[in-house]
Structure formats: structure tokens, C-alpha cells
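*Asks:*
2 protein chains.
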Amino acid sequence: MFVIITYDVGEKRVNKVRKKLKEYLYWTQNSVFEGEITLSSLAKCMSELEAIINKNEDSIYVYEVKNPRNIKKKVYGQEKSFETLFL
Amino acid sequence: MFVIITYDVGEKRVNKVRKKLKEYLYWTQNSVFEGEITLSSLAKCMSELEAIINKNEDSIYVYEVKNPRNIKKKVYGQEKSFETLFL
Numbered sequence: 001m002f003v004i005i006t007y008d009v010g011e012k013r014v015n016k017v018r019k020k021l022k023e024y025l026y027w028t029q030n031s032v033f034e035g036e037i038t039l040s041s042l043a044k045c046m047s048e049l050e051a052i053i054n055k056n057e058d059s060i061y062v063y064e065v066k067n068p069r070n071i072k073k074k075v076y077g078q079e080k081s082f083e084t085l086f087l
Numbered sequence: 001m002f003v004i005i006t007y008d009v010g011e012k013r014v015n016k017v018r019k020k021l022k023e024y025l026y027w028t029q030n031s032v033f034e035g036e037i038t039l040s041s042l043a044k045c046m047s048e049l050e051a052i053i054n055k056n057e058d059s060i061y062v063y064e065v066k067n068p069r070n071i072k073k074k075v076y077g078q079e080k081s082f083e084t085l086f087l
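First to last, the sequence lines map onto chains A and B.
Straight run, no breaks: the first sequence in UniProt numbering ends on number 87.
Straight run, no breaks: the second sequence in UniProt numbering ends on number 87.
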């Protein structure tokens, strides 16, 4: 399954959220992670994230596409990669 | 077609980019727009955005899903909507 995860999280929690997401997916834009993942890994990732975020303030969207062939990505401007950035 | 557009754009240009995207899609998270759109409207939107952004600094990703049934969205925490915010 291919997923895109976007987030809008409080300053105090954003590094923890990024660190967690980096264990599962690729950090491709300021508040966007994407990549292929199994259902069980996604479930584990999300339950760990739910323990980090403040549900009354923070927002995480998970877009799931079962078959990666059903989604196309186009890049305008820079294709950013944060993999090299040390968290 | 369903699209998700995420962006990481310089401070000086971000309001212009948001104002343009609001003409075509829904602003659903800090740097995320989404919604259904025709190919021709998307092409028009993107050419207008390309005239706004600085391609050497800014980054816009367009994820296209032909059949909206092939993508599922889950929300953790708050479902933010910026439609009421006046730009």
C-alpha cells in the first residue's frame, strides 16, 4: 500500500512526530511523508503517533492508496529530500 | 480526478500560492489542498502557480488519483478547515 502522511503539529511535538515517521516512511517535503508500507506497520506507526500528538491541537492526515499504480506524483520546482538531514 | 497538492514555498510567495489554490481546491491543512478537479482545470491551476513560485527554492507536489474511490483519507486529531479563514 502507498501512503501520504501530512501533518500540522504543535512546535513542541513536531520533532518527535518526524522522528517517528522517519522509522516508517520517507520525508519528502516540510510536513509530508510518503512511501509504501504494510497495513500492520501503518497501524503500529499510527498508534505510536497517537501517543505523541495532542488530539485537541494537532492534525495528521493519512491518505491510503492500495495499489501504488493508482497514484501519480508530479513535482513543480524543487524535489526536496530530508533524508540527509540529521534529526 | 482527485488530487492532493502539498507545498513548501518561500514566505514571500506562500499567500499568493494559497490564494491561487483556493480558486480550485479545498485548503485542508497548513500546506495541503485537496479535492476533485478536471485535467484542464488542474493544468490551468499549475501553469498559474508556476508563474508565482521560484523554481529554485519552492516545492509543490501534485498527487493525482484518477478514480477517487482508489484513495482513502483518515484523520488523526483535528480535521482542520481553512475555508472560513479570510486570505
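Beta carbons: idealized from backbone N, C-alpha and C, even for Gly.
Computed from a predicted model, the values in this text were never measured in an experiment.
1) So V62 of chain A and K74 of chain B are supposed to be a Cβ contact under 8 Å. How far apart are they, rounded?
2) By the three-class DSSP mapping on this structure, what secondary structure does V65 of chain A have?
3) Counting pairs of Cβ atoms below 8 Å between the region 39 to 48 of chain B and the region 6 to 23 of chain A, do you hit three or more?
4) Report the CB separation of N70 of chain B from N70 of chain A in whole angstroms; it is logged as a contact under 8 Å.
5) So which residues on chain A does Y24 of chain B lean against when the C-beta distance must stay under 9 Å?
6) In the DSSP assignment, find the unbroken alpha helix (DSSP H) run with residue 163 of chain A in it and report its ends.
7) Since V3 of chain A contacts E64 of chain A with CB under 8 Å, what's their CB separation in whole angstroms?
8) Can you list, in chain order, the residues of its chain with a C-beta nearer than 7 Å to that of I53 of chain B? Leave out the 5 residues immediately preceding and following it.
9) Using the beta-carbon count (16 or more within 10 Å), is E34 of chain B buried or exposed?
10) Excluding the five sequence neighbours on either side, which residues of its own chain have a C-beta within less than 6 Å of the C-beta of E48 of chain A, listed in chain order?
11) Give me the Cα-Cα distance between K80 of chain B and W27 of chain A, rounded to the nearest whole angstrom.
*Replies:* Short version:
1) Separation of the CB atoms of V62 of chain A and K74 of chain B is rounded to 4 Å, and the pair is thereby assigned contact status at 8 Å.
2) DSSP, reduced to helix, strand and coil, places V65 of chain A within a strand of the structure shown.
3) The region 39 to 48 of chain B makes no contact with the region 6 to 23 of chain A: fewer than 3 CB pairs, one atom from each, lie closer than 8 Å.
4) Their Cβ separation, rounded to whole angstroms, is 4 Å, which keeps N70 of chain B and N70 of chain A in contact under 8 Å.
5) Simply none; closest approach about 14 Å.
6) No answer is possible for residue 163 of chain A: it lies beyond the span of chain A, which begins at 1 and ends at 87.
7) V3 of chain A to E64 of chain A, Cβ: 5 Å. Contact.
8) Taken in chain order, the residues that qualify are V9, R13, V17, I60.
9) With 16 or more Cβ atoms within 10 Å of its Cβ, E34 of chain B is classed as buried.
10) The beta carbon of E48 of chain A is closer than 6 Å to those of K20 in its chain, skipping five residues each way along the sequence.
11) Taking the straight line from one Cα to the other gives about 22 Å.
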